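This report refers to the structure that appears directly beneath it.
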Amino acid sequence: MKNKKGVISVSSKHIDAGIEKYKGEIHLHLQAVIKSAGFDYTPYAFNDGRILLVLPNKTCAFLYDNEELLTESLSLES
């Protein structure tokens with residue numbers, strides 16, 4: 012379900028299939044920033060610029076339209 016801000020909630024059963032289908036790669040720089048902010052999330056970058064933010068144990072995920080939206084949502088801007 013997509014909200015008006017460009018974020019889609021993804022259920023756990025669709026995470027692995029989505030990563031495979033859209034060829035998601037762990038975004039290492041973003042992962043380091045997220046961890047330094049105290050979050051335990053894994054960000055996957057897709058070729059089209061979207062970011063899948065996976066919560067621990069793949070309990071669920073959130074698909075952001077772009078990295079900027081994710082950064083704003085998590086208050087990661089310095």
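Read in order, the letters of the sequence shown are residues 12 to 89 in our numbering. The beta carbon of each residue, even a glycine, is placed where N, CA and C say it ideally should be. Computed from a predicted structure; not experimentally measured.
| Beta-carbon gap between P54 and L41 smaller than 8 Å | Translated into the one-based positions of the sequence shown, residue 54 becomes position 43. Translated into the one-based positions of the sequence shown, residue 41 becomes position 30. A contact, by the Cβ cut-off of 8 Å.
| task | Would you tell me roughly how many angstroms separate the C-alpha atoms of T70 and Y52, rounded to the nearest one? | result | Against the sequence shown, residue 70 aligns to sequence position 59. Against the sequence shown, residue 52 aligns to sequence position 41. Cα to Cα, the separation comes out at about 11 Å.
| request: Specify the secondary structure class of S97 as computed by DSSP and reduced to three states. | output: No answer is possible for residue 97: it lies beyond the span of the chain, which begins at 12 and ends at 89.
| field | Enclosing alpha helix (DSSP H) for A43 [first to last residue] | value | Within the sequence shown, the letter at position 32 stands for residue 43. That run of the alpha helix (DSSP H) goes L39 to S47.
| message | Is the separation between the beta-carbon of L85 and that of A48 shorter than 8 Å? | response | Indexing the sequence shown from 1 puts residue 85 at position 74. Indexing the sequence shown from 1 puts residue 48 at position 37. Yes. Within cutoff.
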